[in-house]
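First residue of the sequence shown? That's 2 in this note's numbering, and the numbers climb one at a time after it.
Yeah, the Cβ is synthetic: ideal placement off N, Cα and C, and Gly gets one too.
On a predicted model such as this, the values are computed, not experimentally measured, just so you know.
Have a look at the structure below before the remarks.
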Amino acid sequence: MRLLFLYFSGTGNTDFVARYLAERLDQVEVELRSVEWQPPEAVTGFDLLALGFPVYAADSPEFVRAYLEQLPTGENRGAFVFCTKGAYAASAVKLNLQRLAKRGYAPLCGGDVIMPGTDGLSMISKDSWMARKALQKDYDRLEDADRLVEQMNGALSALAEGRPVDTLRMPLPPEPKMGPSDRLWAVLYGMTENWARSRLHADEQCEGCGLCARICPVDNVTVRDGHAQFEDHCVLCLRCLHACPQEAIQIGKLTAGKFRWKGPRGDFRPLRLRPAGS
2 MRLLFLYFSG
12 TGNTDFVARY
22 LAERLDQVEV
32 ELRSVEWQPP
42 EAVTGFDLLA
52 LGFPVYAADS
62 PEFVRAYLEQ
72 LPTGENRGAF
82 VFCTKGAYAA
92 SAVKLNLQRL
102 AKRGYAPLCG
112 GDVIMPGTDG
122 LSMISKDSWM
132 ARKALQKDYD
142 RLEDADRLVE
152 QMNGALSALA
162 EGRPVDTLRM
172 PLPPEPKMGP
182 SDRLWAVLYG
192 MTENWARSRL
202 HADEQCEGCG
212 LCARICPVDN
222 VTVRDGHAQF
232 EDHCVLCLRC
242 LHACPQEAIQ
252 IGKLTAGKFR
262 WKGPRGDFRP
272 LRLRPAGS
């Protein structure tokens, strides 16, 4: 069996969890691809799909949801969903399993994995206890991810033994729908997002290297007159802010001189997500 991990990772957490899960699965050949570099119409040639994303506003990022709408029909392939969260995942896993079911996939299981919240980290002191906690966490043992590995391996074993995928399908309501508390959370997040987006800028430390433009998942950044400029369709993944070598990208004054996250191992490089030869 071939399992495709298809995911978006803004600052490295979801990429790390995807690899963590993939390394621990049995009876399956695994491939990992980023939605940024994998056209949806080319998502073919596999038996199972694992979708991953960071939670934004109690759901997957909007452009990930748009991506799912363009996927080819799943033809009853099994699907898993995982997400990373700083605190609250809401119904993000269920909502995206439902979306995949509408595209013709058979939802098998899913789960959320708590990881450092990189939005909050960008506003704290570099020597704060929260920064130290994020850096010192034992990333070799993620209990949330281990529980999901157990569920996924259970489904994979059953499929390898010849059980029909429909006998493993999760019972889900047909339409993706948030509950009242999740809708409230999404509204509050959206208000915060709009505020932060309007204050995103590059300060005087910017050297115009263009890294932010090259790694932006939605092409929201350009370099003009030797300085990074931001358009109006930022998704606030904060990849540019955390990856800038000069730490020049800020949200107002809240992030100046504050902590920057480079992934759980300190080695996340967004350009590494590109397929070889692209």
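Pair within 8 Å by beta-carbon distance, residue i and residue j
{"i": "A59", "j": "A93", "result": "yes"}
{"i": "Q39", "j": "L7", "result": "yes"}
{"i": "D48", "j": "R20", "result": "no"}
{"i": "T85", "j": "V18", "result": "yes"}
{"i": "G79", "j": "G105", "result": "no"}
{"i": "L52", "j": "V82", "result": "yes"}
{"i": "A109", "j": "L173", "result": "Residue identity differs from the one stated: residue 109 is Leu in this sequence, not Ala. Result no, Cβ atoms of L109 and L173 do not sit closer than 8 Å."}
{"i": "T256", "j": "S123", "result": "yes"}
{"i": "L33", "j": "A146", "result": "no"}
{"i": "A107", "j": "R164", "result": "no"}
Neighbourhood of residue i by C-beta distance below 7 Å, restricted to the same chain and skipping five residues each side
{"i": "A88", "result": "G118"}
{"i": "P271", "result": "I216, R240, A244"}
{"i": "H234", "result": "V219, N221"}
{"i": "D183", "result": "A59, A91, S92"}
{"i": "P177", "result": "L96, Q99, R100"}
{"i": "P276", "result": "W38"}
Distance between residue j and residue i (C-alpha atoms, nearest Å)
{"i": "V166", "j": "P62", "result": "28 Å"}
{"i": "A91", "j": "D226", "result": "43 Å"}
{"i": "L26", "j": "A214", "result": "35 Å"}
{"i": "I115", "j": "T223", "result": "33 Å"}
{"i": "C217", "j": "A156", "result": "35 Å"}
{"i": "G258", "j": "Q28", "result": "47 Å"}
{"i": "P41", "j": "A67", "result": "10 Å"}
{"i": "Q206", "j": "P246", "result": "10 Å"}
{"i": "R200", "j": "G253", "result": "5 Å"}
{"i": "E248", "j": "N154", "result": "41 Å"}
{"i": "M179", "j": "E194", "result": "19 Å"}
{"i": "E151", "j": "A135", "result": "25 Å"}
{"i": "E24", "j": "G267", "result": "19 Å"}
{"i": "L50", "j": "G111", "result": "11 Å"}
{"i": "Q230", "j": "L5", "result": "35 Å"}
{"i": "V236", "j": "F269", "result": "19 Å"}
{"i": "P181", "j": "C238", "result": "25 Å"}
Same chain only: Cβ atoms within 6 Å of residue i, ignoring 5 sequence neighbours per side
{"i": "L313", "result": "Because the chain in this structure spans residues 2 to 279, residue 313 falls outside the shown range and cannot be described."}
{"i": "K127", "result": "F260"}
{"i": "F9", "result": "V36, F54, V65"}
{"i": "L274", "result": "S35"}
{"i": "M131", "result": "I125"}
Cβ neighbour criterion (16 or more within 10 Å) applied to residue i
{"i": "Q251", "result": "buried"}
{"i": "P265", "result": "buried"}
{"i": "G13", "result": "buried"}
{"i": "G11", "result": "buried"}
{"i": "T15", "result": "buried"}
{"i": "A161", "result": "exposed"}
{"i": "W196", "result": "exposed"}
{"i": "D141", "result": "exposed"}
{"i": "G113", "result": "First, the residue type needs correcting, since residue 113 is Asp and not Gly in the sequence shown. So D113 ends up on the buried side."}
Contacts around residue i, its chain only, beta-carbon distance under 8 Å, and the 5 residues preceding and following it disregarded
{"i": "Y190", "result": "Y57, A58, A59"}
{"i": "T45", "result": "P73"}
Problem - Whole runs of the beta strand (DSSP E) within the region 78–122, excluding any shorter than 3 residues - result: Listed in chain order, the complete beta strand (DSSP E) runs (minimum 3 residues) inside the region 78–122 are 79–86, 107–115.
Problem - Start-end ranges of the alpha helix (DSSP H) lying completely within the region 147–215, minimum 4 residues - result: Complete alpha helix (DSSP H) runs here, min 4: 181–199.
Exercise for the section: Just list the alpha helix (DSSP H) runs in the region 51–77, keeping only unbroken ones of 4 residues or longer that don't cross its boundaries, in chain order. Expected result: Here the runs fully enclosed are 63–70.
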